[in-house]
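Visitor: Residue numbers (this note's numbering), protein chains in the order written: chain B, 850 to 1060; chain C, 850 to 1060. This is the structure, below, for whatever I ask next.
2 protein chains.
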Amino acid sequence: MQVNSVETLLANSLAQSALSKKQQDVLKACLTLFAEQGYDRTTTADIAQLAGVSEGTVYKHFNNKREILDALLEPLKASVLPAVADEFVAETVNQHFASLGAALRFLISDRMRFVLDNRLIIRVFLQEVLVNADLFASALAMAKQRFVPAVLPMLVKFSQPQHPLTLESFRPIFGLMLTYLLPVILKPELQLDVDQATDQILAKVMPALEA
Amino acid sequence: MQVNSVETLLANSLAQSALSKKQQDVLKACLTLFAEQGYDRTTTADIAQLAGVSEGTVYKHFNNKREILDALLEPLKASVLPAVADEFVAETVNQHFASLGAALRFLISDRMRFVLDNRLIIRVFLQEVLVNADLFASALAMAKQRFVPAVLPMLVKFSQPQHPLTLESFRPIFGLMLTYLLPVILKPELQLDVDQATDQILAKVMPALEA
DNA sequence: CGATGTTAAGTGAGTCAGCACTCACCAAGG
DNA sequence: CCTTGGTGAGTGCTGACTCACTTAACATCG
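Structure follows, in structure tokens:
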């Protein structure tokens, strides 16, 4: 599976949308600036300057500043949560992993890489969530709705009869992933070795799942 | 130990500081508004209105809007991280717990309650972190510096000789706490049963720690 | 003890800078 | 020439901050 990075995501949606080079530059500049200083503290003058265009150009395609933010978050909502999730799920399900460990190793490292690659957009998204309130709930619900019913069954079939696996069984994995990912999201210039982190997570978590 | 809630924290620092009733109302209004709509989207008119004062009053004590934000975050930095942490540590260390499980149960539920009680300030803090960048690193460093050397030894002495406990041993606990706390921070009106969550965390985590 | 000065707390209309957004104009490609 | 993409000086509004004034609390003194 091609990793869906910000660049990929953005590039995809940029390629699809009939945006001129300069207008794509506007989006890229906004991603950088919004992630760095926040949406509210970024002026349209900032955007124009970093994108190397005039302020008028910024408004040629986008009717207002808010629409730029939406244009950035839209791939995250539209692609990442449903479409990419579907693609991801299809790929994943087709792999027919030999063991629970193998399946989890793939899932964990793939999703961590995803977050890592998209850290800037996720940062912007988080900023928005902290101000919007139920954006979070709907995103979480959407992710669950798409992700869980497709992935969970594949994992559950590895259950030992005496210890059936449920969604709750995988909470420690989410938690551990968070401990590795949060610092990187909050301070994007930090480094993270995904493979090493994945190994550490599996080492902590597999005994309990196999018991 | 008295739980250090926002109200407690704020009340403490409000009582200490020679702020008039109306000026305390300003701070309370700011906490609500900043947590809800964000610092940048809150106008001084909003603040004055919710606090039930004139805009002039807002500026009687605070030289600018930024100073109000600082006044709100200051207790979190000044009290929570060092002072309250010390107090917490002192209380904790004095308890001489019978077992690792007992110590962890106290620590986990106490810190979760703390986060829960302070969720509004923490929300505001998070917003700021996402825009400030190295605020996070310094906060994390400070917390580690204060918290770890005092608490960790107490926990480590429960180690089995063949399985020495380190800070890394407790990563799953942080992770699990995050899975319970993050939703509440992102959507403050959610409920959380701390005791139940603590039980669930311990159930998942104790086997690995005692092995 | 009223009268009077002094200070601090509070008010809200007013000011002014900064920023989102516009528009009249240009250039180039079909 | 018309369309599409681009320009940047200009505009109007919003929102942070000010200031001349009022009110209240309380010393100080004849």
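C-beta atoms are modelled at their ideal positions from N, C-alpha and C, and glycine is treated no differently.
Tell me the DSSP bridge mates of GLN1009/C?
Guide: Position 160 of the second sequence, counting from 1, holds the residue named residue 1009/C. GLN1009/C is bridged to HIS1012/C.
Visitor: Give every residue of the same chain whose Cβ lies closer than 6 Å to the Cβ of PHE1007/B, excluding the five residues on either side of it in the sequence, and list them in chain order.
Guide: If you number the first sequence from 1, residue 1007/B lands on position 158. So the qualifying residues of the chain are LEU949.
Visitor: Along chain B, which residues have their Cβ under 8 Å away from the Cβ of LYS1036/C?
Guide: Within the second sequence, the letter at position 187 stands for residue 1036/C. ALA982, ASP983, PHE985, ALA986, listed in chain order.
Visitor: Between which two residues does the alpha helix (DSSP H) carrying ALA947/B extend?
Guide: Position 98 of the first sequence, counting from 1, holds the residue named residue 947/B. Where ALA947/B is concerned, there is no enclosing alpha helix (DSSP H), given that its DSSP letter is neither H nor E.
Visitor: When DSSP labels each residue in this structure, what does VAL1033/C get in the three-state scheme?
Guide: The sequence position of residue 1033/C within the second sequence is 184, counting from 1. In the structure shown, VAL1033/C sits in a helix (DSSP, three-state: H, G or I).
Visitor: Please identify the residue among GLN1009/C, SER987/C, GLN872/C, LEU965/C whose C-alpha is closest to the C-alpha of PRO1037/C.
Guide: The residue labelled residue 1037/C in the question sits at position 188 within the second sequence. That would be LEU965/C, whose Cα lies nearest to the Cα of PRO1037/C.
Visitor: Between the C-alpha atoms of LEU1058/C and LEU1014/C, what's the straight-line distance to the nearest angstrom?
Guide: As a working note, residue 1058/C is residue 209 in the second sequence. As a working note, residue 1014/C is residue 165 in the second sequence. Distance between the alpha carbons of LEU1058/C and LEU1014/C is about 8 Å.
Visitor: Looking at chain B, which residues of the region 959 to 972 of chain C have a Cβ within less than 9 Å of any of its Cβ atoms?
Guide: Those residues of the region 959 to 972 of chain C that come within reach of chain B (Cβ to Cβ, closer than 9 Å) are ARG972.
Visitor: If we call anything under 8 Å between Cβ atoms a contact, is SER987/B one with ASP1044/B?
Guide: Residue 987/B sits at position 138 when you count from the first residue of the first sequence. Residue 1044/B sits at position 195 when you count from the first residue of the first sequence. In this structure, ASP1044/B does not lie closer than 8 Å to SER987/B by Cβ.
Visitor: Whose C-beta lies closer than 6 Å to the C-beta of VAL875/C among residues of the same chain, with five residues either side of it excluded?
Guide: Counting from one through the second sequence, the residue named residue 875/C turns up at place 26. For VAL875/C, where only same-chain residues beyond five positions count, the Cβ hits under 6 Å are ALA900, VAL907.
Visitor: Count Cβ pairs between the region 1017 to 1025 of chain C and the region 1021 to 1029 of chain B that sit closer than 8 Å; are there 3 or more?
Guide: Enough Cβ pairs lie closer than 8 Å, so yes.
Visitor: Under the rule that 16 or more other beta-carbon atoms within 10 Å means buried, what is GLU977/C, buried or exposed?
Guide: Walking along the second sequence from the start, residue 977/C turns up at place 128. Result: buried.
Visitor: Label ASN853/C either buried or exposed according to how many other C-beta atoms from any shown protein chain fall within 10 Å of its C-beta, with 16 as the threshold for buried.
Guide: As a first step, residue 853/C must be located in the second sequence, where it is residue number 4. Only weak support is given to the placement of ASN853/C: the predicted model assigns it a pLDDT of 46, under 50, and the value that follows is read from those uncertain coordinates. Flag for ASN853/C reads buried.
Visitor: Compare the C-alpha of LEU1051/C against each of ALA884/C, LEU868/C, PHE1019/C, LEU1039/C and name the closest.
Guide: To locate residue 1051/C, count along the second sequence from 1; it is residue 202. The candidate whose alpha carbon is nearest that of LEU1051/C is PHE1019/C.
Visitor: Counting C-beta neighbours from all protein chains within 10 Å, is the total for PRO1056/C 16 or more, i.e. buried, or is it exposed?
Guide: Working through the second sequence from its first residue, we reach residue 1056/C at position 207. So PRO1056/C ends up on the exposed side.
Visitor: Along chain B, in chain order, which residues have C-beta atoms closer than 8 Å to that of ARG995/C?
Guide: Your numbering for residue 995/C matches position 146 in the second sequence. Per Cβ cutoff of 8 Å: no residues; ARG995/C is ~18 Å from chain B at best.
Visitor: Inspect the beta-carbon positions of LEU921/B and VAL973/B and report whether they are closer than 8 Å.
Guide: Within the first sequence, residue 921/B is the residue found at index 72, counting from 1. Within the first sequence, residue 973/B is the residue found at index 124, counting from 1. Result yes, Cβ atoms of LEU921/B and VAL973/B sit closer than 8 Å.
Visitor: Taking 8 Å as the CB-CB limit, is VAL1071/B close to chain C?
Guide: What is shown of chain B runs 850 to 1060, which leaves residue 1071/B out entirely.
Visitor: Thinking just about the alpha-carbon of each residue, which of HIS1012/C, ILE971/C, MET991/C, HIS910/C is nearest to the one in GLY887/C?
Guide: Locating residue 887/C in the second sequence gives position 38, counting from the first residue. Considering only alpha carbons, the answer is ILE971/C.
Visitor: Any idea what DSSP makes of ASN967/B, helix, strand or coil?
Guide: Position 118 of the first sequence, counted from the first residue, corresponds to residue 967/B. Of the three classes helix, strand and coil, the one that applies to ASN967/B here is coil, per DSSP.
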